[in-house]
Amino acid sequence: MEKITFKVQRYDPDKDKKPHIQVFTIPFKHGMTVLDGLIYIKENVDNTLSFRSSCRMGICGSCGMLINNLPMLACHTPIEELKKDTITVKSLPNFPIVRDLVSDLSLLFAKHKSIKPYIIAPDMAEIEKPTAEFLQAQGQLVEFVQFAYCVKCGLCMAACPTMATDKHFLGPQPLAQAYRYSADRRDSGAKERFRETDTPHGIWLCHLAGACSEACPKGVDPALAMQLLKRGIISDSLRLRKKPVPPSVAPPQAEKKPRVAVPDFTIKKPGAKS
Amino acid sequence: MEAASKQKVPLPNRLGIKGWAWAGRYKIERYLYTLHRLTGFGLLAYIALHLVANGSRLWGESGWESTMNFMSNPGFKVGEYLVMAAFIYHALNGGRLMLQHLGFTLGKPKPPIYPYVDSMRRRRPLVWVLLALIMALAIYVLVEFVISGD
Amino acid sequence: MRESHLKILQYITAIGIFFLVGLHLIISHLSSGEPTDWTSVAQRASSASWLAAYILILIFGIYHGLHGVRGLILEFSLPDRAVKVLNYSIVFVGIAVFGYAIYIPVHAF
């Protein structure tokens, strides 16, 4: 049976002063992902190994790790694609280590919250108690929907060179989300978000190294979002930004076309004749 | 209460300056970012030296000539060429950064369809053209001003 | 001043430096004689257009360089109070360097 070697970062806060590497050699099967390897280690070799995982299908963002010196989702990384006999797995850089491969993501969530990641509409009563859906054309959706696919895995923050030194820098994920909401035609909170991001530790510490977009497992392209945010902020600074049109809601029920009658379903009741 | 007091603070794990300097397995744009910083430092150091050297004008022709004699050392000639190359790189890459910071040449957002291709990768041919232009100018300066001695 | 205003100035000074330094190098090297000869230096020193160009290059270059350095220093997780000290220090250094550097061509003019 084929074997694969895992060099896994271990850190027990009760015993260790700094992380160290532990080597495991496990059986390899075609189609195995890095997460499968870690689960095998935990179930069969060392049940003290700690890591986060949940959906195992690249949608929750829990299993972000540094795999062979690149931030990746462990569930989304087939071992064969790495083309190496040795897989080195460490926790995400630029995030504090809780234990083994588990990172402390609380700063990411706090920064994300600071950029107001929700629709701020002029008519907040409509947001709180909606009467109908907001109207949005397909072209308007395409302007921001790419950035809405973010799963908050933190890989972009781990890849960013500015995050390596500056703990106050907002980071690619919050800045990309600031653009996502500012570009949404249903939103009118762009100026508030520009105030939050046009700061000494805000958008201008992004120097387009592009590593965030490279690391993103969902194709969100945070680098593109950040440059478009810069364009928005500069237009706003120079007072060239077009005044956003307030969003409109769908017309009331009475003005819609009459509903087509739905044919009766033939649901047989027990004992009824066919 | 006892559990809270035993809770450990997570271990800091920032890469520090290594995160700026080491681009590792990331793509060309990460290396261009590091080089842009290095050339910026180099140009700043050159400006300081240039201002000090020009200050010798205040002592008239003799002061100026002795400074120029000191700077005709081959080490300074190599340094001057490196400054020229750094200026060419910093200026042209800076032009690319300016355009891209303003959202130009990166394309429009579009819904991600696997396999994902980000804007950096879509626009990579532009980066290769830019690097070719930088190399061509650096070689031209080397031949025209350094080797032929103009 | 907002950070975006400082960045806009960074872009403007970048374009200015590109053209002015480019012209400075091309004209210095294409004019007759060795550009570092005392006669060429003295000739440029007595020219009003060269003086104006030097002043502009100094203003643009000092702003662009120091703003870049400021950005770099800000990436070391400075708290807000230290950012204020940094801003004032950068302005002071800029004025001091400009004062020293402008004295040379003005004195020679």
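In order, the protein sequences belong to chains A, B and C. Our numbering applies: residue 18 is where the first sequence begins, and numbers increase by one. Our numbering applies: residue 63 is where the second sequence begins, and numbers increase by one. Our numbering applies: residue 46 is where the third sequence begins, and numbers increase by one. Glycine residues also receive a C-beta, built at the ideal position from the N, C-alpha and C atoms.
Could you please give me the residues that DSSP links to residue i through a beta bridge?
| i | result |
| --- | --- |
| Lys-44/A | Rather than Lys, the amino acid found at residue 44/A in this sequence is Pro. Lys-20/A, per the DSSP bridge assignment. |
| Ser-120/A | Ile-114/A |
| Ile-38/A | Gln-26/A |
| Gly-102/B | Answer by DSSP bridge pairing: none, since Gly-102/B is not bridged. |
| Val-106/A | Val-25/A and Ile-84/A |
| Gly-73/B | Note on residue identity: the sequence assigns Leu, not Gly, to residue 73/B. According to DSSP, which records beta bridges pairwise, Leu-73/B is partnered with Ile-114/A. |
| Pro-95/A | Thr-50/A |
| Leu-90/A | Gly-81/A |
Can you give me the Cβ contacts of residue i inside the same chain, cut-off strictly under 6 Å, excluding the 5 residues immediately before and after it?
| i | result |
| --- | --- |
| Tyr-22/C | This structure cannot settle anything about residue 22/C, because the visible part of chain C is limited to 46 through 154. |
| Pro-174/B | none |
| Ala-207/A | Ser-199 |
| Ala-65/B | A caution first: Ala-65/B carries a pLDDT of 47, below 50, which makes its placement in the model unreliable, though a value can still be read off. Hits under 6 Å: none found. |
| Phe-41/A | Phe-23, Ile-58 and Val-62 |
| Arg-184/B | Gly-169 |
| Cys-229/A | Cys-173, Ala-176, Cys-177, Pro-189, Pro-239 and Ala-240 |
Check each candidate in the options and name the one with the smallest Cα separation from residue i.
| i | options | result |
| --- | --- | --- |
| Leu-163/B | Met-141/A, Pro-239/A and Phe-23/A | Looking at the sequence shown, residue 163/B is not Leu but His. Closest option to His-163/B, Cα to Cα, is Pro-239/A. |
| Met-46/C | Thr-216/A, Ala-232/A, Ser-230/A and Lys-274/A | Thr-216/A |
| Gly-125/B | Trp-83/C, Arg-126/C and Pro-150/C | Trp-83/C |
| Leu-73/B | Lys-101/A, Asp-117/A and Met-74/A | Asp-117/A |
| Met-243/A | Lys-235/A, Lys-260/A and Leu-225/A | Leu-225/A |
| Ile-60/C | Leu-97/B, Phe-149/B and Gly-169/B | Phe-149/B |
| Glu-209/A | Met-141/A, Cys-173/A, Ile-250/A and Leu-152/A | Ile-250/A |
| Ala-267/A | His-185/A, Gln-153/A, His-47/A and Met-174/A | Gln-153/A |
| Ala-98/C | Gln-88/C, Ala-87/C, Leu-68/C and Ala-127/C | Leu-68/C |
| Ser-73/C | Ile-62/C, Trp-95/C and Phe-63/C | Trp-95/C |
| Leu-113/B | Leu-100/B, Glu-123/B, Thr-129/B and His-98/B | Thr-129/B |
| Thr-101/B | Val-179/B, Ser-210/B, Tyr-143/B and Lys-70/B | Tyr-143/B |
| Gly-106/C | Leu-106/B, Gly-156/B and Glu-206/B | Leu-106/B |
| Pro-261/A | Pro-275/A, Asp-204/A and Val-237/A | Asp-204/A |
| Lys-89/B | His-47/A, Lys-107/A and Leu-87/A | Leu-87/A |
| Ile-196/B | Arg-87/B, Leu-94/B and Glu-123/B | Leu-94/B |
| Met-146/B | Val-66/C, Lys-52/C and Ser-92/C | Val-66/C |
| Pro-177/B | Val-237/A, Asp-31/A and Phe-282/A | Val-237/A |
| Gln-157/A | Ile-201/B, Gly-122/B, Ala-110/B and Pro-171/B | Pro-171/B |
Hey, how far is the Cα of residue i from the Cα of residue j?
| i | j | result |
| --- | --- | --- |
| Gly-117/B | Pro-124/C | 38 Å |
| Ile-140/C | Ala-146/C | 10 Å |
| Ala-198/B | Val-25/A | 46 Å |
| Glu-48/C | Trp-221/A | 7 Å |
| Glu-91/B | Gln-55/C | 21 Å |
| Glu-231/A | Ala-91/A | 16 Å |
| Glu-127/B | Arg-119/B | 9 Å |
| Glu-98/A | Gly-165/B | 33 Å |
| Leu-161/B | Val-191/B | 15 Å |
| Met-141/A | His-129/A | 21 Å |
| Arg-212/A | His-50/C | 13 Å |
| Thr-105/A | Glu-60/A | 19 Å |
| Gly-144/C | Leu-103/C | 10 Å |
| Val-138/C | Tyr-148/C | 16 Å |
| Arg-76/B | Asp-183/A | 9 Å |
| Glu-150/A | Arg-202/A | 13 Å |
| His-98/B | Ala-194/B | 16 Å |
| Leu-159/B | Pro-113/A | 31 Å |
| Ile-96/A | Leu-66/A | 19 Å |
Any idea if residue i is buried or exposed, counting beta-carbon neighbours within 10 angstroms, 16 or more meaning buried?
| i | result |
| --- | --- |
| Gly-288/A | exposed |
| Met-180/A | buried |
| His-152/B | buried |
| Ile-132/A | buried |
| Val-140/B | exposed |
| Gln-194/A | buried |
| Asp-29/A | exposed |
| Cys-72/A | exposed |
| Ser-67/B | Low confidence applies here, because Ser-67/B scores a pLDDT of 46, under 50, leaving its location unreliable; read the following figure in that light. Classification of Ser-67/B: exposed, given that the 10 Å Cβ count is below 16. |
| Leu-246/A | buried |
| Gln-163/A | buried |
| Lys-35/A | exposed |
| Ala-278/A | exposed |
| Phe-120/C | Going by the sequence as given, residue 120/C is Glu instead of Phe. It is buried - the Cβ of Glu-120/C has at least 16 other Cβ atoms within 10 Å. |
| His-37/A | exposed |
| Ala-138/A | buried |
| Val-151/C | exposed |
| Gly-86/B | exposed |
Below 7 Å CB to CB, which residues in the same chain sit around residue i once its five sequence neighbours on both sides are set aside?
| i | result |
| --- | --- |
| Met-133/B | Ala-115 |
| Cys-170/A | Gly-78, Gly-81, Leu-90 and Pro-234 |
Sorted by chain position, which residues of the same chain lie with C-beta nearer than 8 Å to residue i's C-beta, five sequence neighbours on each side aside?
| i | result |
| --- | --- |
| Ala-165/A | Arg-197 |
| Ser-70/A | Leu-52, Leu-55, Ile-56, Ser-79, Cys-80, Ala-91 and Cys-92 |
| Leu-192/A | Ile-132, Thr-214, Gly-219, Ile-220, Cys-223, Pro-239, Ala-242, Met-243 and Leu-246 |
Taking 8 Å as the line, does the beta carbon of residue i fall inside it for any heavy atom of the ligand PLP?
| i | result |
| --- | --- |
| Arg-202/A | You won't find the ligand PLP in this model; it holds no ligand whatsoever. |
The segment 169-202 of chain B: positions lying closer than 9 Å to chain F by Cβ: In summary, chain F is missing from the structure at hand, where the protein chains are A, B and C.
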